[in-house]
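Here's the structure, in structure tokens; my notes come after.
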Amino acid sequence: MLPAHFKKFSPKKFSPKRMSTPVAQPSGCGSAADVAQPSGYGSAAEVAQPSGCGSAADVAQPSGYGSAADVAQPSGYGRAADVAQPSGYGSAADVAQPSGYGSAADVAQPSGCGSAPAVGQTPWSAGNPPVAHSALRFRPLRHIRTWNKTLAVAFLLSLSFLVAQDPTSFMTADVARAGTRLACRCEGCRNTVGDCPMLHCHFADPMRRRIHDMQKAGMSDDEIVRDIVREEGVVALSSPPTSGWGLFTWVMPFFAIGIGLWVYTLWVRRNRQPAAEAHPVDSAVLDRFRDQIEAETEDRGAGTSALAPPIRGHKEKNKRPN
Amino acid sequence: MENLGALSILLAFCLSVFAAVAAVAGKYTQRPFLVLSAERAVYAIWALLTLASGLLINALMTGDFRLAYVAAHSDRAMAPVYKFAAWWGGQEGSLLLWSWLLATYSAVIVFTNRRKFRNMMPLVIGVMMVVLAFFTCLITFVVSPFQVLMVGKGIVDAGDGQGLNPLLQWWTMVIHPPMLYLGYVGFTVPFAFAMASLVSRQPGEAWIHTTRRWAIVTWLFQTCGVTLGMGWAYTVLGWGGYWGWDPVENASLLPWITATAFLHSVMMQEKKGMMKVWNMVLVSATFLLSILGTTLTRTGLVSSVHAFAQSPIKPYFTTFLFAALALVTYAILVNLPYLKSEARLESVISRESSFLFNNLILLASCFAVLWGTLFPVIMEALTKEKETIDAPYYNRVNVPIALFLLFLTGVGPLIAWRKSSLDSLRRAFWIPSLVGVCTVVALLIAGITHVAALTSFGLCAFVLSTIALEFWKGSRAIQAKEKIALPHAAFELTWRNTRRYGGYLVHMGIVLMFIGFTGSAFNQRDTVNLGINQIARFGNYDLKLTNVTDGQTDEYEYTQAFVDVMQNGQVIDQLEPEIRHYKASDQQSSLVGIRRRLNEDMQINFSGVLQDGSKATFQLYLLPLVSWIWVGFAVVLGGTLVCLIPSKVRLQYARTEVVGVASALQKVQS
Chain A
1 MLPAHFKKFS
11 PKKFSPKRMS
21 TPVAQPSGCG
31 SAADVAQPSG
41 YGSAAEVAQP
51 SGCGSAADVA
61 QPSGYGSAAD
71 VAQPSGYGRA
81 ADVAQPSGYG
91 SAADVAQPSG
101 YGSAADVAQP
111 SGCGSAPAVG
121 QTPWSAGNPP
131 VAHSALRFRP
141 LRHIRTWNKT
151 LAVAFLLSLS
161 FLVAQDPTSF
171 MTADVARAGT
181 RLACRCEGCR
191 NTVGDCPMLH
201 CHFADPMRRR
211 IHDMQKAGMS
221 DDEIVRDIVR
231 EEGVVALSSP
241 PTSGWGLFTW
251 VMPFFAIGIG
261 LWVYTLWVRR
271 NRQPAAEAHP
281 VDSAVLDRFR
291 DQIEAETEDR
301 GAGTSALAPP
311 IRGHKEKNKR
321 PN
Chain B
323 MENLGALSIL
333 LAFCLSVFAA
343 VAAVAGKYTQ
353 RPFLVLSAER
363 AVYAIWALLT
373 LASGLLINAL
383 MTGDFRLAYV
393 AAHSDRAMAP
403 VYKFAAWWGG
413 QEGSLLLWSW
423 LLATYSAVIV
433 FTNRRKFRNM
443 MPLVIGVMMV
453 VLAFFTCLIT
463 FVVSPFQVLM
473 VGKGIVDAGD
483 GQGLNPLLQW
493 WTMVIHPPML
503 YLGYVGFTVP
513 FAFAMASLVS
523 RQPGEAWIHT
533 TRRWAIVTWL
543 FQTCGVTLGM
553 GWAYTVLGWG
563 GYWGWDPVEN
573 ASLLPWITAT
583 AFLHSVMMQE
593 KKGMMKVWNM
603 VLVSATFLLS
613 ILGTTLTRTG
623 LVSSVHAFAQ
633 SPIKPYFTTF
643 LFAALALVTY
653 AILVNLPYLK
663 SEARLESVIS
673 RESSFLFNNL
683 ILLASCFAVL
693 WGTLFPVIME
703 ALTKEKETID
713 APYYNRVNVP
723 IALFLLFLTG
733 VGPLIAWRKS
743 SLDSLRRAFW
753 IPSLVGVCTV
763 VALLIAGITH
773 VAALTSFGLC
783 AFVLSTIALE
793 FWKGSRAIQA
803 KEKIALPHAA
813 FELTWRNTRR
823 YGGYLVHMGI
833 VLMFIGFTGS
843 AFNQRDTVNL
853 GINQIARFGN
863 YDLKLTNVTD
873 GQTDEYEYTQ
883 AFVDVMQNGQ
893 VIDQLEPEIR
903 HYKASDQQSS
913 LVGIRRRLNE
923 DMQINFSGVL
933 QDGSKATFQL
943 YLLPLVSWIW
953 VGFAVVLGGT
963 LVCLIPSKVR
973 LQYARTEVVG
983 VASALQKVQS
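Protein chains in written order, with the numbering used here: chain A, 1 to 322; chain B, 323 to 992.
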């Protein structure tokens, strides 16, 4: 279909990044490495740098996907870069958790198989040898100067003991109970912190840990929720508060039903035109008429159902002469 | 090629403006040739937009990656069906699809009515062409699907494209958006007829008779679209659910609710000549909510998973929406005297009254969803304070409303038109009520104490038995008369009045879906880490990870886990959840392992592998009764198709007409 002179535009590989906005970030550590890794994977190394400029990773992954944590996630939300968000939790400490919180932990593994195993390398897999997954293969830290690398490893090792557990383990019944009152604002779901189903959710996980810590400090659910709302506003709540504007939100649908009912009664009162009162008839007579109606309608070939409520409709007409 | 595509869209825009003006001018200046010219313009528009769509599809199929749209939404390795689906995979293409569908509908309407409704058709064309002009304007001037990538920026290498979002590479996603669009766009037709009849002050219900089938078919498309979307979310997203109250999901639900209300209340106008204003309001609301739905989907007005990023078309959509709202309101208010009811309500216990209640409750639930979706936006604009409205709000508000609606589903169809006596009510309802109460008692004894679920199950049993009784009574009567077998009699019964019994089938399907929804009260979930040959206990099952393998295709790399599902030591099933990494888009997607059974589904989502590579992480879900949603949907589909089949017996409605009002109307007409 294409004219011949257009064909020459197509053959070579074109990095998708070139289409999405800025990639190269001249300043900032690690950005050189980013540019060198067009796939966006393996950029965990940058996050792990002691200088803590996790934001470089943000820039490096314009698509927002692709860090090791994502490998563990079906929906692909929640990049490691977000761990570095300024909201308090997160930043380098989170990144450093070896338990799968952030990809950075991989750096601590000298074997260099950090993020890859999820897809790229399954040590136990029987049969076929692992296929090389170029996009997922862990990129060693060759782009970073040696002292930097050393520092990174030391930094990670020093932090790794902080949380040596799986992030799912914060999901205790207590945390879930308090968590259902807080919204998961990961933009990927409309769930609460207590029941967000995404593993390694970049919002719910840190929030769960925060709740966990607060509960450990002896705070009640109410206090936890109040503290978090005081810091972040009512936006933190999973459903609107029962005061102020929030109450308005809750009441409005039922208020609308009320208005509807009121309009309905008004309408009925204005439009009502009672039918002539039927005389009471005993059921034997009624049954006889019902049979007769059925017989007549059937004979004519029209179903008993020709009229939506035919039997009763005719019945009332028929009983008047009685 | 792209020039030809862009040109044909531009021409389509010009012609739709011309058709709108010519049709209306032709009608009011009594120039039939102008109207005829407008009708031909409609066909021409259809041809032009078909050409444009064909060019875009061709570019997608052949991989013309110079086009920004093609490069952003397809890649060379994609299966042809997904290359085709990329037509509506992005904003520009989906707006083109919308325009093309509307053009198709318009052409069909113009063709089938070329000798009917001569008085009304110019206005119908006018309304449809104004809407089409808006959409073609967008794809001509604002978001053209034929934008060439980086013209004059020195890029000569167009690569292989970024590929369609992997989450969308799933068979239901190929038919879900077109289905929804067929439904959304389709409601423009009843709306156009309603507006035409209103503005031209046509007496009677011509527009309703003409558009009844349209309304039912488009309602069916919407139902299919929404349910396919649920099925997609359930099968692909792997979060153990099917409805997340995301703004865009809500947007697809809103017009469906008002369309449902419209399908019910329209019967009042058809049979009794009542509710004329109300039907106008409902059909307009459905149309406007469809536009609102598109606004939400396409402009990022509210934050949502589905919405595209902030887009330049937002002001256009908002303007169009408010202008349409103002015009419709004005048209209805001005013509109020022509919408006088022809009959009066005789009793509060009557079919009329139950329809009113049904409408009231449907609208209330529509309002609750709309309110939850839009209020945070309004509030942020007013108070600069953000608020989150998540699933708990919608569930808490909508569950009581839905339960009441379920109750009405059972009661409404059995109440007589005009007036029902308490005696007849008692006769009709004592058996279903008994069944409902027995169900609740049985479930209580079985240990279920969830109040909403108990109520829902009780009501479902109640409604199902009212429907079964209706079929039973009617079939028995026919069986006795015609001396045929009961199933044959039931078939005969349905055929004699397809609308009524098809309607019952639709109700039955909805009830079955409600059974499925209620099952979500008993969902269980867990997250486990399993090494090879390790076993985890979940519900009544034991799950054993037997193997994990890797591999790749042209499009993606994958890791697949094999999990044996065991019960009492016996392997009863094997699930194979999978993680995929798509090369072109550099995105991940997972294929959830699902074991579907009527009593409960099991979902296993392979989430990844622990850092040390020793164990794989799985998210497990037990979802009781979910399958009934899909069963119910099949019944709804069948029932709606039954409704569309003409009845064997031509029906005569015992319509109450008030002579005085009718003659007054005629006077007004002359």
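Glycine residues also receive a C-beta, built at the ideal position from the N, C-alpha and C atoms.
When the beta-carbon positions are compared, residue 508 of chain B and residue 462 of chain B stay at least 8 Å from each other. Excluding residues up to 5 positions away in sequence, 737, 738, 739, 740, 741, 742 lie with their Cβ nearer than 8 Å to the Cβ of residue 672 of chain B in the same chain.
The CB of residue 190 of chain A comes closer than 7 Å to the CB of 566, 567, 568, 712, 713 in chain B, given here in chain order. Taken through DSSP and simplified to helix, strand or coil, residue 711 of chain B comes out as coil. One finds 693, 694, 697, 698, 701, 709, 711, 715 in chain B with Cβ atoms closer than 9 Å to the Cβ of residue 249 of chain A, taken in chain order. Residue burial is scored here from C-beta neighbours: residue 705 of chain B has fewer than 16 other C-beta atoms within 10 angstroms and is therefore classed as exposed.
Using a 10 angstroms sphere on the CB of residue 349 of chain B, the tally of other CB atoms reaches 16 or more, which defines it as buried.
Annotation: the continuous alpha helix (DSSP H) that includes residue 654 of chain B extends over 636-656.
Rounded to whole angstroms, the separation of the alpha carbons of residue 372 of chain B and residue 335 of chain B is 13 Å. For residue 349 of chain B, the uninterrupted alpha helix (DSSP H) run begins and ends at 324-350, by DSSP. Your pair residue 510 of chain B and residue 424 of chain B checks out as a contact, with CB atoms roughly 6 Å apart and the cut at 8 Å. In chain order, 881 place their CB closer than 6 Å to the CB of residue 872 of chain B, counting only its own chain and leaving out the 5 sequence neighbours on each side.
Taking a contact as a CB-CB distance under 8 Å, the pair residue 845 of chain B and residue 943 of chain B counts as one, their CB atoms being some 7 Å apart. Residue state for residue 866 of chain B is assigned as strand, using DSSP reduced to three classes.
Contact check for residue 833 of chain B against residue 786 of chain B passes: the beta carbons are separated by less than 8 Å. Residue pairing for residue 946 of chain B: DSSP places it in a beta bridge opposite B:922.
The C-alpha of residue 666 of chain B lies about 14 Å from the C-alpha of residue 599 of chain B. Excluding residues up to 5 positions away in sequence, 234 lie with their Cβ nearer than 6 Å to the Cβ of residue 241 of chain A in the same chain. Counting only Cβ-Cβ distances below 7 Å, residue 689 of chain B has contacts in chain A at 253, 256, in chain order. No Cβ-Cβ contact shorter than 8 Å links residue 796 of chain B with residue 961 of chain B.
In this structure, residue 522 of chain B lies near residue 445 of chain B, with their beta-carbon atoms less than 8 Å apart. Contacts with chain B at 8 Å (Cβ-Cβ) do not include residue 214 of chain A.
Against chain A, the CB of residue 685 of chain B has a partner CB under 8 Å away; the residue lies at that interface. Contact of residue 235 of chain A with chain B is assigned, a C-beta pair being separated by under 8 Å.
Assigned with DSSP and collapsed to three states, residue 443 of chain B falls in helix.
When 8 Å is used as the limit between beta carbons, residue 185 of chain A is near these residues of chain B: 710, in chain order. Proximity to residue 387 of chain B across B:485, B:772, B:610 peaks at B:485, based on C-alpha coordinates. Contacts between residue 847 of chain B and chain A, judged by CB atoms closer than 9 Å, involve 195, 197 in chain order.
By the Cβ criterion, the region 747-754 of chain B is in contact with the region 778-792 of chain B, since at least three pairs of Cβ atoms, one from each stretch, lie closer than 8 Å. Proximity of residue 245 of chain A to chain B, defined by a Cβ-Cβ separation below 8 Å, is satisfied. For residue 354 of chain B, the number of other beta carbons within 10 angstroms of its own is below 16, and it is reported as exposed. The way I'd put it, the region 911-920 of chain B doesn't touch the region 796-813 of chain B; fewer than three beta-carbon pairs between them come closer than 8 Å.
With a cutoff of 8 Å on beta-carbon distance, residue 566 of chain B and residue 494 of chain B are scored as not near each other.
Listed by position along chain A, the residues whose Cβ is nearer than 7 Å to that of residue 705 of chain B are 245. Between residue 615 of chain B and chain A, the shortest Cβ-Cβ separation is not below 8 Å.
One thing to note: residue 455 of chain B has its Cβ within 8 Å of the Cβ of residue 338 of chain B.
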